[in-house]
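Take a look at the structure below.
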Amino acid sequence: MKLGRQPLGLRIYGRMAELRNRLSRARYFRGHGVHSPFVYDLVRQVFMRDSLLPGPRDLYDALLARGVSRRRAIQLQNLAIHCGYATFCLDGADADLCLLTRDLPRPETLALVRTASAAGHTVAVLSPYEGRERQALCMQLVASHRSTTVDNRGYLLLFNNYLPKQHFRI
């Protein structure tokens with residue numbers, strides 16, 4: 054049976070997958086259930102803010118110029134300020150905060166994540182749920198990463214510091 058463009062079964066499956074995704078994130082909503090002080094601070098000081106923290110705005114401007122939504126740009130700028138990252142780069146691995154956009158092919162993304170990990174830099178993979186290939190790539194990155202990862206639907210954060218291996222879906 055078809056209603057609209059897709060068969061009814063596919064639409065129901067998609068809705069169920071979306072519900073499962075949202076329910077798995079509800080546990081950490083507003084920081085509840087997060088047993089990592091670092092990630093709890095991120096949730097409260099970065100993800101829940103809708104305005105920019107005092108400080109530089111160069112990352113915010115660069116993200117808006119690349120087409121990132123205002124909300125995600127504010128969150129990533131606040132992340133850089135909160136964590137004290139002095140430098141950032143888009144589609145590269147030579148700064149404290151490395152942002153990898155959806156324009157990068159899979160092999161180049163994997164290579165940049167390995168390079169940033171070896172250097173101890175934090176990586177933000179933008180648009181982790183844009184297509185099945187991108188989702189599979191991000192699941193592979195989380196599985197092989199040795200430190201804390203935070204999935205915020207709009208981007209996947211890979212921290213390369215002293216934090217234990219944990220994965221949070223917020």
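All residue numbers for the sequence shown refer to this note's numbering, where the first residue is 54 and numbers rise by one. Don't be surprised by glycine CBs; every beta carbon is placed ideally from N, CA and C.
Residue i: first and last residue of the uninterrupted alpha helix (DSSP H) it sits in
i    : result
L117 : D111 to A118
L138 : Contrary to the premise, residue 138 reads as Tyr rather than Leu in this sequence. Taken as a continuous stretch (DSSP letters only), Y138 belongs to no alpha helix (DSSP H), as it is neither H nor E.
V92  : P90 to L95
V195 : R185 to S197
Boundaries (first-last residue) of the beta strand (DSSP E) holding residue i
i    : result
T168 : Careful: T168 lies outside any beta strand (DSSP E), inside the alpha helix (DSSP H) at R159 to A172.
A146 : Per DSSP, A146 belongs to no beta strand (DSSP E) and is neither H nor E.
V178 : T175 to L179
Whole-angstrom C-beta distance between residue j and residue i, which should lie under 8 Å
i    : j    : result
N131 : V99  : 5 Å
G108 : I134 : 4 Å
R222 : D204 : 5 Å
C151 : A171 : That pair is no contact at about 12 Å.
Y113 : L105 : 6 Å
Strand pairing of residue i, partner residues [DSSP]
i    : result
R222 : D204
V121 : V121 pairs with nothing; no bridge assigned.
Y152 : Looking at the sequence shown, residue 152 is not Tyr but Leu. Per DSSP, L143 and A177.
L209 : V178 and D204
The stretch 160 to 175 touching the stretch 135 to 148, judged by at least three CB pairs closer than 8 Å: The answer is yes - the stretch 135 to 148 touches the stretch 160 to 175, with three or more Cβ pairs under 8 Å.
Cβ contact check for the stretch 168 to 182 and the stretch 205 to 221: 3 or more pairs under 8 Å: Yes: the two stretches touch, three or more of their Cβ pairs being nearer than 8 Å.
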